[in-house]
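Asker: Numbering-wise, the numbering used here puts 92 at position 110 of the sequence shown, and it's gapless, one number per residue. C-beta: ideal position from N, C-alpha, C; glycine also.
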Amino acid sequence: MRTHRAGAGGRPPMYRARPPMYRARPGGRRFHPVRARPAAATSGTAALLACGALALGLGALGDLHAGRAPYLAHLALCALLGGCARPRAAPLIGLAAWLCCNAFAEHRHAELGWAGPGWELGHYAMFTAAAWLAALPAALPRRTVRVALLRPDGTA
């Protein structure tokens, strides 16, 4: 014996397609689609490839040992990658940037050098902080809003 009425697709009401979910920050008026962020391992792999490509680009420009330019370029890349990643991926992004910056910008021929724990941990912390600060706004709590509840005039 059937206890439910079949809908448009012959499915029970609980299995019908629901409208997509959107999220908005509490108190905010703008609604943004939920964006899936890659896993930490995927972000770390992308960071290692991107930092290697940046080192190749800096080497082609002859700007590897020019002072602060490689550090600023790696910091900008960490912030860019951190904005697309989860906050948990920040240490992996920072480690990838530190490895490439240390091996190609500070030393030549892809050899890692150790200037002491203070300097090297400072560089690693700087790269990790740039990635983490860029990833942090995505981790802020958001309230869920269904599209079907939104009206065309902007009121909910």
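Taking C-beta to C-beta, are A107 and A61 nearer than 8 Å?
Answerer: Not closer than 8 Å, so no.
Asker: State whether the region 20 to 29 contacts the region 67 to 79, with contact taken as three or more CB pairs (one from each stretch) at a distance under 8 Å.
Answerer: Judged by Cβ distances under 8 Å, the region 20 to 29 makes contact with the region 67 to 79, as three or more pairs qualify.
Asker: Looking only at its chain, what residues have a beta carbon closer than 8 Å to the beta carbon of L36, apart from the 5 residues adjacent to it on each side?
Answerer: So the qualifying residues of the chain are A55, H56, L59, C82.
Asker: With respect to the alpha helix (DSSP H) encompassing A21, which residues constitute its N-terminal and C-terminal limits?
Answerer: It is not in any alpha helix (DSSP H) - A21 carries neither H nor E in the DSSP assignment.
Asker: I'd like the list of long-range same chain contacts for D45, defined as Cβ closer than 6 Å, with 5 residues on each side in sequence excluded.
Answerer: For D45, where only same-chain residues beyond five positions count, the Cβ hits under 6 Å are A51.
Asker: Should A116 and G64 be called a contact, given that it needs their Cβ atoms to be closer than 8 Å?
Answerer: In this structure, G64 lies closer than 8 Å to A116 by Cβ.
Asker: Throw me the rounded Cβ distance for the A87 and F109 pair, which I believe falls under 8 Å.
Answerer: About 12 Å separates the two Cβ atoms, so there is no contact after all.
Asker: Does DSSP classify A97 as helix, strand or coil?
Answerer: In the structure shown, A97 sits in coil (DSSP, three-state: anything other than H, G, I, E or B).
Asker: For R68, does the three-state DSSP call read helix, strand or coil?
Answerer: Three-state DSSP puts R68 in coil, outside helix and strand.
Asker: Short of 6 Å in beta carbon distance, which residues of its chain neighbour M(-17), apart from the five on each side in sequence? Order them along the chain.
Answerer: Because M(-17) sits at a pLDDT of 48, beneath the cut-off of 50, its placement in the model cannot be relied upon, and the following sentence gives the value as read from the coordinates. So no residue of the chain qualifies.
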